[in-house]
């Protein structure tokens, strides 16, 4: 986990795919008001399109599945995602 709170990390906004297969839209980074930890602000692109935050270090880490290291979330499109939220 990245404990360096003085350096602003970077992330590309756009569509990401979770290693389990679901897609998400990343909006950018926010900070926790008490710990100042960097968090990724994103929303689901399925179901209720709810908004979530996840620690930056966790969002960008690799996971090992069946002995193969891969990103937890992989960028698949860096263009804006347009969803009709009627």
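Residue numbers (the UniProt record's numbering): 1 to 86.
Glycine included, C-beta positions come from ideal geometry on N, C-alpha and C.
Note that the structure is predicted; figures quoted are calculated from it, not measured.
Which residues in the same chain have their Cβ closer than 8 Å to the Cβ of residue i, if we skip the five residues on either side of it in sequence?
i          : result
residue 85 : Residue placement at residue 85 is poorly supported in this model, since its pLDDT is 47, which falls under 50; the coordinates still yield a value, given next. Excluding positions up to five away in sequence, the list reads 49.
Under a Cβ-count criterion, where at least 16 other Cβ atoms within 10 Å of its own Cβ denotes burial, should residue i be classed as buried or exposed?
i          : result
residue 65 : exposed
DSSP three-state call for residue i: helix, strand or coil?
i          : result
residue 46 : coil
residue 56 : helix
residue 71 : strand
residue 32 : coil
residue 61 : coil
For residue i, which residues in the same chain have their Cβ closer than 7 Å to its Cβ, ignoring the five residues on either side in sequence?
i          : result
residue 88 : Residue 88 falls outside the range modelled here, since the chain spans only 1 to 86, and no answer is possible.
residue 26 : 11, 13, 14, 16, 40 and 42
residue 59 : 40, 72 and 73
Among residues of its own chain, excluding the 5 on either side of residue i, which ones have a beta-carbon nearer than 6 Å to its beta-carbon?
i          : result
residue 51 : 43
Can you check whether the CB of residue j is closer than 8 Å to the CB of residue i?
i          : j          : result
residue 45 : residue 19 : no
residue 9  : residue 37 : no
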